[in-house]
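Asker: Pasting a structure below so you can have a look.
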Amino acid sequence: MKKLSHLNKTLAIISLFILTISCTKNKQNDENITGTSTSASEVLGVSQYNINSFPLNKLVCDPFSTDPVPSPKHGIKASLWYRGLGQLRYYTVMDYLLHTTHSEQNLFFSSINVPTRLFSTGFPIETGGSIEDDNHEKLIEYFALKMESQLTLGNTSEPGTYELAILSDDGAVLKIKDPASTSNSFETLINNDGDTPTKMKCSNRLLEITSESQIPLELYYYQGPKYHIANMLIWRKVSSNSTPGSDPLCNHAGNKLFFDPDLDSKPLAWNDLASRGWKVISPENFLLPNNNQDTSSTSSDSNFNACYQGEAPVISNFQVVEQLATDISFSWTTDVDSTGLMLVTNLDTGIKTTTQTDNLLRRNHSILVTGLQPQTRYRFQAIAFSNSLGRTFSEAIDVTTF
């Protein structure tokens, strides 16, 4: 109790200082909006996660699957590249990574499970809207993903020998760093690169996976012209003397071979694969890579799945406390210990800004928002994060500055 009391006193003193927190903003945003915590209420602890590591206006949660991840340490972290104005069309995934535009968005996936389908939804951002190309159109073609994770057996898969395969439209390349190998570099396990209808490519060797294995992987995928898309990482348990690539469907391709995209991805030849033991690798088999730690924050963990949903706080009494021309203060309460920040939308430009947080846990919150433009319409929402990564948006308050 003495240690907790001392922590509370120390954090309470810290929280009384005015912390000017820099905002996270889009490239085209010339505003310098900041959020400053002005709460003098009791500080109840420090968030175990550094919420500033993955700003919500730069976060995309798996647009292909609603499967939950088992924990904040599970999942697949991805980076995105897309063909910008005046850039050539490319036909290999590495050309996309080397020669196209790198997006500032952070993406998290629960698994790699996209049966052949029509893709028109794009990549929804957590604060609203979708990732756009340089023509300000929804990004649905000519993009590439670098997906990083660690392959593990989880609780339901047995140790043993495994064969992996990819079903993709268009190209995909899987690289792994096998702990059983003497090499410390990534090796290509599956090369399914190039423009193609949905094609099955099988691994060039088998993997021995134990209950302790955590195999780093990188999966590179690109989508060429719209609309068909597919990207599935699958495996099956085999005998140690099996021949890799011996499945009859390895190297076969067709947009209506494995699934029917016109009938809600109805399984076709996929049923044959399933009968031979092939399964989609599930969310419990993906652990986040260990190299994702943000060393700028030593007190809170930044190696976590920002799309994980824990206990969501309930926000009450969100209100404007005071407005002084281009500075506005807000307050609200939460039913559980939470850290808070503000989502600010410029209604004249559509640009969304998220302020940063001090990562301190409270139940009574107040923030002063500064750097607003005069005579401009804004929409404000409080965002609360619980210590288990549950998050809640408040109702919106619209204000016009003086």
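157 is the number of the first residue of the sequence shown in the numbering used here; add one for each residue after it.
For each residue, glycine too, the CB sits at the ideal point set by N, CA and C.
Since we're looking at a predicted model, the values are computed, not measured.
If the criterion is Cβ atoms closer than 8 Å, does the pair S313 and N269 meet it?
Answerer: Residue numbering aside, residue 313 sits at position 157 when the sequence shown is read from its first letter. Residue numbering aside, residue 269 sits at position 113 when the sequence shown is read from its first letter. Contact flag unset, no.
Asker: Going by the DSSP bridge assignment, what does S550 pair with across the sheet?
Answerer: Here residue 550 corresponds to residue number 394 of the sequence shown, with the count starting at 1. DSSP, once it has assigned bridges, lists no residue as partnering S550.
Asker: Taking 7 Å as the limit between beta carbons, can you name the residues of its chain near Y252, skipping five residues before and five after?
Answerer: Counting from 1 along the sequence shown, the entry for residue 252 is found at position 96. Excluding residues within five positions, the ones whose Cβ falls inside 7 Å are W237, Y246, A300, Y378.
Asker: For G566, count neighbouring C-beta atoms within 10 Å of its own C-beta (all shown protein chains included) and say buried if the count is 16 or more, exposed if not.
Answerer: Because the chain here runs from 157 to 558, residue 566 falls outside it and cannot be looked at.
Asker: Can you tell which of S544, A336, A234, H258 has the C-alpha that lies nearest to the C-alpha of P226?
Answerer: Your numbering for residue 226 matches position 70 in the sequence shown. Answer by Cα proximity: S544.
Asker: Just how far apart, CA to CA, sit T277 and K382?
Answerer: If you number the sequence shown from 1, residue 277 lands on position 121. If you number the sequence shown from 1, residue 382 lands on position 226. The alpha-carbon atoms of T277 and K382 are separated by roughly 12 Å.
Asker: So which of I553, A430, Q306, S455 has the shortest CA-CA distance to S485?
Answerer: Counted from its first residue, the sequence shown places residue 485 at position 329. The shortest Cα separation from S485 among I553, A430, Q306, S455 belongs to I553.
Asker: Looking at the unbroken beta strand (DSSP E) that takes in N502, where does it start and where does it end?
Answerer: Looking up residue 502 in the sequence shown gives position 346. That run of the beta strand (DSSP E) goes 483-502.
Asker: Rounded to whole angstroms, what's the CA-CA distance from N213 to G310? Just pull it up for me.
Answerer: The residue given as residue 213 occupies position 57 in the sequence shown. The residue given as residue 310 occupies position 154 in the sequence shown. Spanning the two alpha carbons is a distance of roughly 32 Å.
Asker: Using CA atoms only, rank isn't needed, just tell me which of P469, N347, D504, T510 is closest to R519.
Answerer: Here residue 519 is taken as the residue at index 363 of the sequence shown, counted from 1. When only C-alpha atoms are compared, the closest one is P469.
Asker: Along the chain, where does the beta strand (DSSP E) containing N427 start, and where does it finish?
Answerer: Mapped onto the sequence shown, residue 427 falls at position 271. Counting along the chain, N427 falls outside any beta strand (DSSP E), though it belongs to the alpha helix (DSSP H) covering 426-431.
Asker: State the beta-bridge partners of F415 as determined by DSSP.
Answerer: Position 259 of the sequence shown, counted from the start, is the residue given in the question as residue 415. In DSSP, F415 forms a bridge with P423.
Asker: Using the three-state DSSP reduction, which class does L545 fall into: helix, strand or coil?
Answerer: Here residue 545 refers to the residue found at position 389 of the sequence shown. It is coil, neither helix nor strand.
Asker: When we look at the beta-carbon of D514 and count the other beta-carbons within 10 Å, is it buried (16 or more) or exposed?
Answerer: Taking the first residue of the sequence shown as position 1, residue 514 is located at position 358. Classification of D514: buried, given that the 10 Å Cβ count is 16 or more.
Asker: Can you give, in chain order, each stretch of the beta strand (DSSP E) that sits fully within the region 331-406 and has at least 3 residues?
Answerer: DSSP runs (the beta strand (DSSP E)) wholly in the region 331-406: 343-348, 355-358, 363-365, 371-379, 384-394.
Asker: List the DSSP bridge partners of A328.
Answerer: Counting from one through the sequence shown, the residue named residue 328 turns up at place 172. DSSP output for A328 lists N348, Y377 as bridge partner(s).
Asker: Determine the direct distance from the alpha carbon of V555 to that of P372, and round the result to whole angstroms.
Answerer: The residue you call residue 372 lines up with position 216 of the sequence shown. The residue you call residue 555 lines up with position 399 of the sequence shown. Those two C-alpha atoms are separated by around 48 Å.
Asker: Quick one: give me the first and last residue of the beta strand (DSSP E) that L524 is part of.
Answerer: In the sequence shown, counting from the first residue as 1, residue 524 sits at position 368. Run containing L524: 516-526, per the beta strand (DSSP E) assignment.
Asker: State the start and end residues of the unbroken beta strand (DSSP E) segment that holds L307.
Answerer: For the purposes of this step, residue 307 is taken as the residue at position 151 of the sequence shown. From DSSP, the beta strand (DSSP E) with L307 extends over 299-307.
Asker: Please check if any C-beta of chain B sits within less than 8 Å of the C-beta of S339.
Answerer: Reference to chain B is not applicable here, since this structure consists of a single protein chain.
Asker: Identify which residue in K357, L254, G380, A336 has its Cα closest to the Cα of E364.
Answerer: Start at 1 with the first residue of the sequence shown, and residue 364 comes out as number 208. The shortest Cα separation from E364 among K357, L254, G380, A336 belongs to A336.
Asker: DSSP three-state label for H255, please.
Answerer: To locate residue 255, count along the sequence shown from 1; it is residue 99. Reduced to three states, the DSSP call for H255 is helix.
Asker: My guess is that I346 and A321 are in contact by the Cβ rule of under 8 Å, so how many angstroms apart are they, rounded?
Answerer: What you label residue 346 is simply residue 190 of the sequence shown in a count that begins at 1. What you label residue 321 is simply residue 165 of the sequence shown in a count that begins at 1. Sure, about 7 Å apart at Cβ, within 8 Å.
Asker: Would T344 pass as a contact of D326 if the rule is Cβ separation under 8 Å?
Answerer: In the sequence shown, counting from the first residue as 1, residue 344 sits at position 188. In the sequence shown, counting from the first residue as 1, residue 326 sits at position 170. Cβ atoms of T344 and D326: not closer than 8 Å.
Asker: Check each candidate in I507, D428, G191, S522 and name the one with the smallest Cα separation from N473.
Answerer: Position 317 of the sequence shown, counted from the first residue, corresponds to residue 473. Checked all of I507, D428, G191, S522; the closest Cα to N473 is S522.
Asker: At what residues does the beta strand (DSSP E) containing Y510 begin and finish?
Answerer: Stepping through the sequence shown from its first residue, residue 510 is reached at position 354. Before going on, a small fix: residue 510 reads as Thr here, not Tyr. T510 -> beta strand (DSSP E) spans 508-510.
Asker: Pull up the distance between the alpha-carbon of R547 and that of Q465, whole angstroms please.
Answerer: Taking the sequence shown and counting its residues from 1, one reaches residue 547 at position 391. Taking the sequence shown and counting its residues from 1, one reaches residue 465 at position 309. In a straight line, the C-alpha of R547 is about 7 Å away from that of Q465.
Asker: Are the beta-carbon atoms of L405 and D416 separated by less than 8 Å?
Answerer: Within the sequence shown, numbered from 1, the residue matching residue 405 stands at position 249. Within the sequence shown, numbered from 1, the residue matching residue 416 stands at position 260. No, the pair does not count as a contact, with Cβ atoms beyond the cut-off.
Asker: For E478, report the span of its beta strand (DSSP E) as first-last.
Answerer: By 1-based counting over the sequence shown, the position of residue 478 is 322. Its beta strand (DSSP E) spans residues 471-480.
Asker: With a Cβ-Cβ cutoff of 8 Å, do T511 and G191 count as a contact?
Answerer: Position 355 of the sequence shown, counted from the first residue, corresponds to residue 511. Position 35 of the sequence shown, counted from the first residue, corresponds to residue 191. In contact: T511 and G191 (Cβ atoms closer than 8 Å).
Asker: In terms of alpha-carbon separation, which member of R361, I385, W391, T366 lies closest to N397?
Answerer: Position 241 of the sequence shown, counted from the start, is the residue given in the question as residue 397. Closest by alpha carbon: R361.
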